[in-house]
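Below is one structure, written out as structure tokens; the observations come after it.
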Amino acid sequence: MAQERSGIVVGLNKGHKTTPFQSPKNRISRTKGQSSRRTAFVREIAREVVGLAPYERRIIELLRNTQDKRARKLAKKRLGTFTRGKKKVEDMQRVIAESRRVAGGAH
């Protein structure tokens, strides 16, 4: 890194004398994209009230019939990227496991 500026127009450390920039510990750009507890809670409530989209129900149906690859292909086609599709399929598997757990606890 360069040394402190000298205040002289020429030379290695030319330029105005300035105080070094003190960056905040948590920049917003570092934390952007992380979901807060409140947001996660609101999304969970919305999911309970609204339910699943038709393509999500179809993905679940494909997963129940052990067609994981077809489910991933469908998710990719609907969501645009392979990574988003994989994440959606994992979410739907979680939904299936949760519904089984609820059904198992009811008996």
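Going letter by letter, the sequence shown gives residues 1 to 107 in full-length UniProt numbering.
Note that CB positions come from ideal geometry on N, CA and C, so glycine has one too.
Query, Result
"Three or more C-beta pairs under 8 Å: does that hold for the stretch 51-71 against the stretch 87-96?", "yes"
"Note down the Cα distance separating residue 69 from residue 25, rounded to an integer number of angstroms.", "43 Å"
"State the DSSP-derived secondary structure class of residue 9, mapped to helix, strand or coil.", "coil"
"Looking at the structure shown, is residue 73 part of a helix, part of a strand, or coil, going by DSSP?", "helix"
"Just mark residue 89 as buried or exposed, buried being the case when its beta carbon has 16 or more other beta carbons within 10 Å.", "buried"
"Are there 16 or more other CB atoms within 10 angstroms of the CB of residue 11, so buried, or fewer, so exposed?", "exposed"
"Considering only the beta carbon of each residue, do residue 74 and residue 59 sit closer than 7 Å?", "yes"
"Considering residue 46, what are the terminal residues of the alpha helix (DSSP H) in which it resides?", "37-50"
"Grouping DSSP H, G and I as helix and E and B as strand, with all else coil, what is residue 103?", "helix"
"Do residue 7 and residue 17 have their C-beta atoms within less than 7 Å of each other?", "yes"
"Excluding five sequence neighbours on each side, which residues of the same chain lie with their C-beta closer than 7 Å to the C-beta of residue 92?", "56, 59, 60 and 63"
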